[in-house]
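Participant:
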């Protein structure tokens, strides 16, 4: 498929990301940027929560179900908003010129971002050649086959004998809707939905946060879209490393969610939401972030410490007695929540994830100053803007909470990248102690800091040219920024992506499947009954048969929990003709075929050696060769 031919799928991705939430936000009385930027939050919360409820009730997951329920929710929201319109009157929308400035700033960001994506991905159906991608691709396949999209049962993808467990499923739920609606492939839907999140949801989210911080400033809104896509750590880092698509989705919602917190705290300038609607939206934010990825909810909590603290201190200065009591209660609640998160067995695996430090604390600080986290390229000009904005916001008392948020994100990154001990895991464990996830937090506050610097420069220039409109000066500065950074580091972003897409696909040992294997999968799909399960060493590419050809596999993800039957098949299927026990296990698992791949992913790791029973049986009895293409072979299990 060409990029031009994939445009309809891309439009469907945008539709599923925006429209369900937009119906709710508009009927709730929001307008302009407030409605558009918070729409993805509402969409994610609606879809993922509905998936959980539908799973509990045994209702099949489908686009029709989601469309009907979202329409009902929108109507109910509109009725409630109408009934309370006098108590919570809707805010006046920003002037059209402010919205126009924001939109015009988003256009070059989207174009440059699309160039980086197209170059980095190579083709719309390119695979992310990463360990975690297998789970995410097959999770969508599992939802499409089982019609169960609940986050409560997603972890083990329905593998026989493996217990159901929680995994945040919002990403997979929405991608499954795109596949069901378009009939397209899972890789195409995944790539284009990732593009919609990175190039639309994230810039919109950042624009809204900047709008809440600086008010309806056309100068600020005009440059935010471009600045938002300049940082390697996010979105580009989460589009490649891992790959962490659920985190990509959740983090795209974080700036707008922080904007909601500013409304709740009374810190938004010429608030676009209103405190009443912000309080009503806050539970939706919590649900949406938790079901996108709980990591991001922890990020929001961490970054909210400073605006909440600022609001409480201001209240205490106005009403000392009550204000001090509120501060005491807030501190107690926070410490109790932290103690629970640091001790609960439910998060033990997450907290103790072993990511060894890869640098020194001093060098980690250097990386942050250059926005070169995780050894990415240094972004000198953008980093200079962030530092100038940091100093400006430190000087402005009303913006110091933004400095606090930036410092906290940076400290967490240093702890994970340069220290990472049992002691530091009490602070970084909620992000798996993973420096990439923590680095992705930094742009949430770095974007408005950079915008603050551009506003400061705009003000300085207008002292010499007082007749120049602020939005014109800021826009010229934005153009200069693009010019001196090569399209705001588009080459660097391309390189970040290509390392796990086009470049990885060209290297044996770093690719999951090659083009010949994908063609072979498409051919053998019609030779395997839809209700059969196919065994294969997951490390030779056969694991992706489910996502690429809609035929279930014995091992749907790397690291699936072992059961006696699965272990028996993995170790001894090749001896099925002489081992009745392995035949009995294969029957219980519905294993009827054996697929042999071409080459191993990560061949030097222990993984490929863990499946000796799934080697090529050759002329051994009990197996009938159904199809082959060089080293690629499909056998029917005839011994059982």
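Residue numbers (this note's numbering): 528 to 1167. We put the CB at the ideal spot given by N, CA and C, even for glycine. Treat the numbers as computed from the prediction; the structure is a model and nothing was measured.
Taking the C-alpha atoms as reference points, what is the distance between residue 1037 and residue 921?
Facilitator: On the chain shown, position 510 is the one that residue 1037 refers to. On the chain shown, position 394 is the one that residue 921 refers to. Cα-Cα distance, rounded: 46 angstroms.
Participant: Are the CB atoms of residue 634 and residue 981 nearer to each other than 8 angstroms?
Facilitator: Against the chain shown, residue 634 aligns to sequence position 107. Against the chain shown, residue 981 aligns to sequence position 454. Not closer than 8 angstroms, so no.
Participant: Could you give the distance in angstroms between the alpha-carbon of residue 1009 and the alpha-carbon of residue 637?
Facilitator: One-based indexing of the chain shown puts residue 1009 at position 482. One-based indexing of the chain shown puts residue 637 at position 110. Each residue's Cα considered, the two are about 13 angstroms apart.
Participant: Based on the DSSP secondary-structure assignment, which residues constitute the bridge partners of residue 1155?
Facilitator: For the purposes of this step, residue 1155 is taken as residue 628 along the chain shown, with counting starting at 1. Answer by DSSP bridge pairing, in chain order: 1160.
Participant: Taking the beta carbon of residue 568 as the centre, do at least 16 other beta carbons fall within 10 Å, making it buried, or is it exposed?
Facilitator: To locate residue 568, count along the chain shown from 1; it is residue 41. It is buried - the Cβ of residue 568 has at least 16 other Cβ atoms within 10 Å.
Participant: Taking a contact to mean a Cβ-Cβ separation below 8 angstroms, would you say residue 590 touches residue 766 in this structure?
Facilitator: Within the chain shown, numbered from 1, the residue matching residue 590 stands at position 63. Within the chain shown, numbered from 1, the residue matching residue 766 stands at position 239. No, these two residues do not count as a Cβ contact at 8 angstroms.
Participant: How big is the Cα-Cα spacing for residue 1147 and residue 1101?
Facilitator: What you label residue 1147 is simply residue 620 of the chain shown in a count that begins at 1. What you label residue 1101 is simply residue 574 of the chain shown in a count that begins at 1. Straight-line Cα distance between these residues: approximately 8 angstroms.
Participant: Rounded to a whole number of angstroms, what is the C-alpha to C-alpha distance between residue 970 and residue 953?
Facilitator: Working through the chain shown from its first residue, we reach residue 970 at position 443. Working through the chain shown from its first residue, we reach residue 953 at position 426. The straight-line gap from Cα to Cα measures roughly 23 angstroms.
Participant: Tell me which same chain residues have a C-beta within less than 8 angstroms of the C-beta of residue 1108, skipping the five on either side of it?
Facilitator: On the chain shown, position 581 is the one that residue 1108 refers to. The residues are 1095, 1099.
Participant: I believe residue 1083 touches residue 684 by the beta-carbon criterion, under 8 angstroms. Please report the beta-carbon distance rounded to the nearest angstrom.
Facilitator: To locate residue 1083, count along the chain shown from 1; it is residue 556. To locate residue 684, count along the chain shown from 1; it is residue 157. With a Cβ gap of about 4 angstroms, residue 1083 and residue 684 count as contacting.
Participant: With which residues is residue 1122 paired in a DSSP beta bridge?
Facilitator: Numbered from its first residue, the chain shown carries residue 1122 at position 595. In the DSSP output, where bridge partners are listed per residue, residue 1122 has 1161.
Participant: Going by C-alpha distance, which of 957, 796, 837 is nearest residue 876?
Facilitator: For the purposes of this step, residue 876 is identified with residue 349 of the chain shown, where counting begins at 1. Of the candidates 957, 796, 837, the one whose C-alpha sits nearest the C-alpha of residue 876 is 957.
Participant: Which partner residues does residue 1150 have in the DSSP bridge list?
Facilitator: Here residue 1150 refers to the residue found at position 623 of the chain shown. 1164.
Participant: Can you give the beta carbon distance from residue 819 to residue 780, rounded, assuming they're within the 8 angstroms contact cut?
Facilitator: In the chain shown, counting from the first residue as 1, residue 819 sits at position 292. In the chain shown, counting from the first residue as 1, residue 780 sits at position 253. Right, the Cβ-Cβ distance comes to about 6 angstroms (below 8 angstroms), so this counts as a contact.
Participant: What would DSSP say about residue 608, mapped onto helix, strand or coil?
Facilitator: What you label residue 608 is simply residue 81 of the chain shown in a count that begins at 1. Reduced to three states, the DSSP call for residue 608 is helix.
Participant: Less than 6 angstroms between C-beta atoms, sequence neighbours within five positions excluded: which residues of the same chain meet that for residue 615?
Facilitator: Along the chain shown, one-based indexing puts residue 615 at 88. Once the five neighbours on either side are set aside, the close Cβ partners of residue 615 are 803.
Participant: Could you tell me if residue 656 is buried or exposed, where buried requires 16 or more neighbouring beta carbons within 10 angstroms of its beta carbon?
Facilitator: By one-based count along the chain shown, residue 656 stands at place 129. With 16 or more Cβ atoms within 10 Å of its Cβ, residue 656 is classed as buried.
Participant: Output the boundary residues of the alpha helix (DSSP H) element that contains residue 843.
Facilitator: Against the chain shown, residue 843 aligns to sequence position 316. Segment 821 to 845, the alpha helix (DSSP H) holding residue 843.
Participant: Take residue 725 as the anchor and find which of 570, 764, 847, 714 has the nearest alpha-carbon.
Facilitator: Stepping through the chain shown from its first residue, residue 725 is reached at position 198. Minimum Cα distance to residue 725 is reached at 764.
Participant: Just to confirm, is the Cβ distance from residue 1015 to residue 757 under 8 angstroms?
Facilitator: Residue mapping note: residue 1015 aligns to position 488 of the chain shown, counting from 1. Residue mapping note: residue 757 aligns to position 230 of the chain shown, counting from 1. Yes, the pair counts as a contact, with Cβ atoms nearer than the cut-off.
Participant: Measure how close the beta-carbons of residue 719 and residue 533 come, nearest whole angstrom, since I'm counting them as under 8 angstroms.
Facilitator: The count along the chain shown starts at 1 and reaches residue 719 at position 192. The count along the chain shown starts at 1 and reaches residue 533 at position 6. Going by Cβ atoms, the distance from residue 719 to residue 533 rounds to 6 angstroms, so yes, they are a contact pair.
Participant: Touching or not, the segment 894 to 912 and the segment 995 to 1005, by the rule of three or more beta carbon pairs under 8 angstroms?
Facilitator: Short answer: they don't touch.
Participant: Looking at the secondary structure, which residues open and close the beta strand (DSSP E) in which residue 1142 lies?
Facilitator: Looking up residue 1142 in the chain shown gives position 615. Looking at the DSSP string, residue 1142 is not in any beta strand (DSSP E), and its letter there is neither H nor E.
Participant: Starting from residue 643, trace the alpha helix (DSSP H) both ways and give me its first and last residue.
Facilitator: As a position in the chain shown, residue 643 is number 116, starting the count at 1. Where residue 643 is concerned, the enclosing alpha helix (DSSP H) stretches over 623 to 648.
Participant: According to the Cβ coordinates, are residue 681 and residue 660 closer than 8 angstroms?
Facilitator: Numbered from its first residue, the chain shown carries residue 681 at position 154. Numbered from its first residue, the chain shown carries residue 660 at position 133. No. Outside cutoff.
Participant: Relative to the C-alpha of residue 536, which candidate in 611, 701, 924 has its C-alpha closest?
Facilitator: Taking the first residue of the chain shown as position 1, residue 536 is located at position 9. The shortest Cα separation from residue 536 among 611, 701, 924 belongs to 701.
Participant: Looking at the unbroken beta strand (DSSP E) that takes in residue 1061, where does it start and where does it end?
Facilitator: Taking the first residue of the chain shown as 1, we reach residue 1061 at position 534. Segment 1060 to 1062, the beta strand (DSSP E) holding residue 1061.
Participant: Are the Cβ atoms of residue 1121 and residue 1068 separated by less than 8 angstroms?
Facilitator: To locate residue 1121, count along the chain shown from 1; it is residue 594. To locate residue 1068, count along the chain shown from 1; it is residue 541. Not in contact: residue 1121 and residue 1068 (Cβ atoms no closer than 8 angstroms).
Participant: So the candidates are 990, 737, 1055, 1044; which of them puts its Cα closest to the Cα of residue 979?
Facilitator: What you label residue 979 is simply residue 452 of the chain shown in a count that begins at 1. Among 990, 737, 1055, 1044, the Cα nearest to that of residue 979 belongs to 737.
Participant: Can you give me the start and stop residues for the alpha helix (DSSP H) that residue 894 sits inside?
Facilitator: Sequence index remark: in the chain shown, residue 894 carries index 367 (1-based). Counting along the chain, the alpha helix (DSSP H) containing residue 894 begins and ends at 888 to 896.
Participant: Helix, strand or coil: how does DSSP classify residue 1080 here?
Facilitator: As a working note, residue 1080 is residue 553 in the chain shown. It is a strand residue.
Participant: So is residue 670 buried or exposed if we call it buried at 16+ other beta carbons inside 10 Å?
Facilitator: Within the chain shown, the letter at position 143 stands for residue 670. Per the 10 Å Cβ criterion, buried.
Participant: The alpha helix (DSSP H) that contains residue 576, what's its start and end?
Facilitator: Taking the first residue of the chain shown as position 1, residue 576 is located at position 49. It spans 559 to 584 - the alpha helix (DSSP H) in which residue 576 sits, taken as one unbroken run.
Participant: Is DSSP giving residue 656 helix, strand or coil here?
Facilitator: Position 129 of the chain shown, counted from the first residue, corresponds to residue 656. The answer is coil: DSSP assigns residue 656 none of H, G, I, E or B.
Participant: Please tell me whether residue 501 and residue 940 are closer than 8 angstroms, where the distance is taken between their beta carbons.
Facilitator: In the structure as shown, the chain begins at 528 and stops at 1167. Residue 501 is therefore absent and cannot be evaluated.
Participant: So, for residue 1127: in the same chain, excluding its five sequence neighbours on each side, which residues have a beta-carbon less than 6 angstroms away from its beta-carbon?
Facilitator: Here residue 1127 is taken as the residue at index 600 of the chain shown, counted from 1. Same-chain partners within the cutoff: 1066, 1067, 1135.
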